[in-house]
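Same order as they appear, the protein sequences are chains A and B.
Every number in this note's numbering is 2 more than the matching position in the first sequence, counting from 1.
Every number in this note's numbering is 248 more than the matching position in the second sequence, counting from 1.
Note that beta-carbon positions come from the ideal geometry of N, C-alpha and C, so glycine has one too.
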Amino acid sequence: MPKKRLALALALATIIGWFGLAATARIGSQGRAGPTPTAGISDATVEMHPFSERTCGDGFAAHPLEHVTQASDAPARLFDSNGSGVAAEDLDDNGFADIVLGNLEGPNTILWNEGGWQFTPETMQDRSTRAVNLVDVDADGRLDIVTTHRGSGVAVFRNAGDRTFEQLPLRGVNAPAYSMSWGDIDGDGDLDLATGSYDAELDQRLRSSFLFNDGAGVFVYDNLGGGSFEALRLAEDSQALATALIDLDLDGRLDLLVGNDFEMPDMTWLHTSRSGLVEAHPFEFTSAHTMSLDAGDIDNDGVEEIFGTDMRPASSDTDVMAEWLPLMETMDDTDDPFDPQRIRNVLQANRGDGTFDEVGERAGIDAAGWAWSGRFGDLDNDGDNDLYVVNGMIAAETFWYLDGAEIREPNMAYSNRGDGTFALADWGLGGLESGRGSTLVDLDNDGRLDVVVNNLAAPSVAYENRLCGAGDAVSFSLSQPGTANTSAIGAEVRLQTASGLQVRTVRSGAGYLSGSPMTLHFGIAAGDELLSALVRWPDGKTTVIEGPLPGHRHLVIRS
Amino acid sequence: MTLLSRSPSEEGASGRTRGQPLLEILAPAGHVWPLTAAMAIGLVAAASVRIGWGWQLWQAVALFLVVMAIPVAAKWRSDALRFGRAAAIAGALLTVQGLHTVEHGAQMYQRYVLGFSLRASNGLLSPANSEWVHFGWNWLVLAVVVYLMTRGMRGFWGWALFVWALAHTLEHTYLFVRFLQVGSGLDGLGVGQVTAQGLAGIVGEGGWLDLNAGPRLRFFCGLPGVTTANRVDAHFVWNTGEMFFLIPSVHLFLRKAMHGRSVGSETDTAPRATTAL
Chain A
3 MPKKRLALAL
13 ALATIIGWFG
23 LAATARIGSQ
33 GRAGPTPTAG
43 ISDATVEMHP
53 FSERTCGDGF
63 AAHPLEHVTQ
73 ASDAPARLFD
83 SNGSGVAAED
93 LDDNGFADIV
103 LGNLEGPNTI
113 LWNEGGWQFT
123 PETMQDRSTR
133 AVNLVDVDAD
143 GRLDIVTTHR
153 GSGVAVFRNA
163 GDRTFEQLPL
173 RGVNAPAYSM
183 SWGDIDGDGD
193 LDLATGSYDA
203 ELDQRLRSSF
213 LFNDGAGVFV
223 YDNLGGGSFE
233 ALRLAEDSQA
243 LATALIDLDL
253 DGRLDLLVGN
263 DFEMPDMTWL
273 HTSRSGLVEA
283 HPFEFTSAHT
293 MSLDAGDIDN
303 DGVEEIFGTD
313 MRPASSDTDV
323 MAEWLPLMET
333 MDDTDDPFDP
343 QRIRNVLQAN
353 RGDGTFDEVG
363 ERAGIDAAGW
373 AWSGRFGDLD
383 NDGDNDLYVV
393 NGMIAAETFW
403 YLDGAEIREP
413 NMAYSNRGDG
423 TFALADWGLG
433 GLESGRGSTL
443 VDLDNDGRLD
453 VVVNNLAAPS
463 VAYENRLCGA
473 GDAVSFSLSQ
483 PGTANTSAIG
493 AEVRLQTASG
503 LQVRTVRSGA
513 GYLSGSPMTL
523 HFGIAAGDEL
533 LSALVRWPDG
543 KTTVIEGPLP
553 GHRHLVIRS
Chain B
249 MTLLSRSPSE
259 EGASGRTRGQ
269 PLLEILAPAG
279 HVWPLTAAMA
289 IGLVAAASVR
299 IGWGWQLWQA
309 VALFLVVMAI
319 PVAAKWRSDA
329 LRFGRAAAIA
339 GALLTVQGLH
349 TVEHGAQMYQ
359 RYVLGFSLRA
369 SNGLLSPANS
379 EWVHFGWNWL
389 VLAVVVYLMT
399 RGMRGFWGWA
409 LFVWALAHTL
419 EHTYLFVRFL
429 QVGSGLDGLG
439 VGQVTAQGLA
449 GIVGEGGWLD
459 LNAGPRLRFF
469 CGLPGVTTAN
479 RVDAHFVWNT
489 GEMFFLIPSV
499 HLFLRKAMHG
509 RSVGSETDTA
519 PRATTAL
């Protein structure tokens, strides 16, 4: 009776999965259209773990964290005003995402997630930190902590696995770095690094030694293995608040996008098969002072849009305008009518041919205050990417006329309407602290994205997602054990549901100076049905998971 | 028996320019020499103070306008005598609104040809580019339009002009109120040296519609420029739009007036000669 046996096996697998025991899902295969030369089929096993029980409430509940990013002065002066990043992922393999918060004057903090919203703080022997990413640099299967610094470069703290870290030398990575992004840029299977310097800060901190130094700008470091890298300098100058590795021309290769401050044009290099990284200008308009970059598919067409933040008052209220106007006057002095840069957030919609339409105003997300980190994620589990933008500014030189020299603005949560536009959502995410880095991560394994914000001169905050709509969720953690890219950074999961397609990409970081969780989260609209999930691994090979289970995290381990 | 008839000069004028009342009202007529002389003097004086004494552009332009003021006023007074007060006011409105639109055209030139910043694109009379002036000016224009409507400048074009001028005036009223409110806020913050000049209004980039009503009024707000135009662009459109409606309105109004049909009360028409038969 083969049918009975099949039914029994399916039922058994479902029950096992439901109760959190490892179950092996049926793995299929499917070719992916496209020019990727190594496209093919890859086997994998899938372990499914159910999400924990949900706590329901009106929206998000704020949990102050035991960390304050401190500046050298109070109130902060430029460029301490720029604050630090944050990253969250499971570092001690206890099943909960831990939080690493960068700091400037004080030490960085690791908040070990013990579950139940209990965190054990531990300080790191690292400070003056800008960006924070969690990346398995040494390919030992454990995520390491990687940081950039004000006035200096990249540091890697190797994860020993027992909640201890030791600094790992990165031979050949020497240039000053403010923002960074990790990925297999050259397609050789290991993790390369792209960095950008923030020259205004270097000039301020190093003065003549910076002027006579020749080490700043945009660099790509080719991973040679064994902790050695070879540097390729792409630009001699940059004001790189954000660096992102995104496949802009949809050819399966990672391209490099650098978001610059101070009206310096953003920079793009496309990775071509013949010439490597080639400078390009795919954007008609960009933001003028790009503070952060993130990519996410907002319309579920299988192609990611790119969101860049800038400074623009979110409201025309009298008080808001009075606070902004003195600054706006100085900005206007440099206003050039022919400059393709706009002082507002931008949403770049890929036309499918590697060129972009800028649709930020149409989408209703062009003005979010003095915006720093902007991150995509399906916060309400309704099947499409929402957006969360943290904002605010403290600068003694610029806002001397304000209390604490601070513009206080509520962080902005935008709910995706599903028609390419966003609406401000009253989810309790409007913190007034001066947010800088942020990440969206499921801290309690309940299948909902929580939010962590690293505030400047105020306690960092974790916002617990208590939204209980009718939707569900599914998530995927990809693993390539035994390779040089164990977390499958650059891989993509295309989730096919009855109503359409959702796409997520594994990235080391996004937003402003912040890391991205390696676990990819998908919300599922009420009544929608999961059909399959196609994993496109960084080398272009694919794995198809038939019938992924809603309400479960899928650990996909490549064979 | 007494019949009402036109004065000889009016007869001649109407006869010469039948169908071209705009040219008639704008033509210097008997004021060619005073206007030409004033223009020449004004230009020489403006150029002299600008080049020789280093006056600013707006000061030189203001000097030119002052020199022109007396002959222009005389011309308008003459128009009132020839065509009636309402017709003369219509002609004057056309003239000054035209010059105002030229001022906005100059702002566009500064912005897009000379590459000035938005704030520096102030036109030829930069101190006059203030919310006070715009507010007062647009209410004055609206009042004149209403007056002319009561004197017969109605019909499609007249009403369209009224709607446009009303909307334009509301825009400047909103801007003026915001100017005062934000200015008060700036004073409260102790940054009195910054003015609230040049804020976005109801329309345009950063305007009320852009920030508040975009998703609800998607069609309207999706129209070109409604939520994207900068202030220079937006107000150039406002004023060229006003001219677009003003020209046909005044044309039709003057045609009626110059043909002796009713353009309002008897006192608004030119003096009539009486001929006894």
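| Item | Value |
| --- | --- |
| Between the CA atoms of residue 398 of chain A and residue 516 of chain A - distance to the nearest angstrom | 25 Å |
| Environment of residue 69 of chain A [buried if 16+ CB atoms lie within 10 Å] | buried |
| Chain E contact residues for residue 479 of chain B, given Cβ-Cβ distances below 9 Å | No chain E appears in this structure, whose protein chains are A and B. |
| Nearest candidate by alpha-carbon position, reference residue 366 of chain A, set A:176, A:342, A:311, A:445 | A:311 |
| Chain B contact residues for residue 369 of chain A, given Cβ-Cβ distances below 9 Å | 454, 458, 459 |
| Sheet register partners of residue 115 of chain A (DSSP bridge) | A:121 |
| Cβ-based contacts, 7 Å cut-off: residues of the stretch 62-95 of chain A near chain B | none |
| Cα-Cα separation between residue 438 of chain A and residue 544 of chain A, rounded to whole angstroms | 36 Å |
| Check whether residue 513 of chain A and residue 375 of chain A have beta carbons under 7 Å apart | yes |
| Rounded straight-line distance, which links the Cα of residue 365 of chain B to that of residue 338 of chain A | 6 Å |
| Secondary structure of residue 357 of chain B, DSSP reduced to three states | helix |
| Per DSSP, cross-strand counterpart(s) of residue 502 of chain A | A:499 |
| Reduced DSSP category for residue 65 of chain A - H, G, I as helix; E, B as strand; rest coil | strand |
| Per-residue DSSP class, three states only, for residue 493 of chain A | coil |
| Interface partners of residue 564 of chain A on chain B, CB under 8 Å | Nothing about residue 564 of chain A can be reported from this structure: the residues present for chain A run from 3 to 561 only. |
| Residue-chain proximity (residue 323 of chain A, chain B), Cβ-Cβ < 7 Å | yes |
| Cross-strand partners of residue 2 of chain A (DSSP beta bridge) | The first residue shown for chain A is 3 and the last is 561, placing residue 2 of chain A beyond what the model contains. |
| Min CB distance residue 371 of chain B to chain A below 7 Å | no |
| Where the alpha helix (DSSP H) through residue 384 of chain B begins and ends | 379-398 |
| Closer than 7 Å to chain B by CB, residue 412 of chain A | no |
| 6 Å CB neighbourhood of residue 509 of chain A in its chain, flanking five on each side removed | 518 |
| Residue 488 of chain B classed as buried or exposed, judged by whether at least 16 other C-beta atoms fall within 10 angstroms | exposed |
| Amino acids of chain A, ordered along the chain, whose beta-carbon sits closer than 7 Å to that of residue 293 of chain B | Within 7 Å Cβ-Cβ: nothing; residue 293 of chain B doesn't reach chain A, min ~32 Å. |
| Beta carbon of residue 165 of chain A nearer than 7 Å to that of residue 130 of chain A | no |
| For residue 268 of chain B, the three-state DSSP class (helix, strand or coil) | coil |
| Residue 360 of chain B at chain A interface by Cβ criterion, 7 Å | yes |
| Cα-Cα separation between residue 389 of chain A and residue 314 of chain A, rounded to whole angstroms | 17 Å |
| Within chain B, the residues that residue 277 of chain A reaches when beta carbons sit closer than 7 Å | Within chain B, no residue comes near residue 277 of chain A; the closest Cβ sits about 35 Å away, beyond 7 Å. |
| Residue 410 of chain A beta carbon near the ligand GDP (any heavy atom closer than 6 Å) | The ligand GDP is not part of this structure, which contains no ligands at all. |
| Beta carbon of residue 85 of chain A nearer than 7 Å to that of residue 486 of chain A | no |
| C-beta neighbour in chain A for residue 518 of chain B, strict 7 Å | No answer about residue 518 of chain B holds up, because its pLDDT of 40 lies below 50 and its placement is not dependable. |
| Distance between residue 453 of chain B and residue 470 of chain A (C-alpha atoms, nearest Å) | 37 Å |
| Neighbour flag for residue 485 of chain A against chain B, beta carbons, 7 Å | no |
| Sub-7 Å separation of residue 531 of chain A and residue 500 of chain A beta-carbons | yes |
| Under the three-state DSSP convention, the category residue 445 of chain B falls into | coil |
| Interface residues of chain A facing residue 430 of chain B [CB-CB closer than 8 Å] | 320, 323, 324, 327 |
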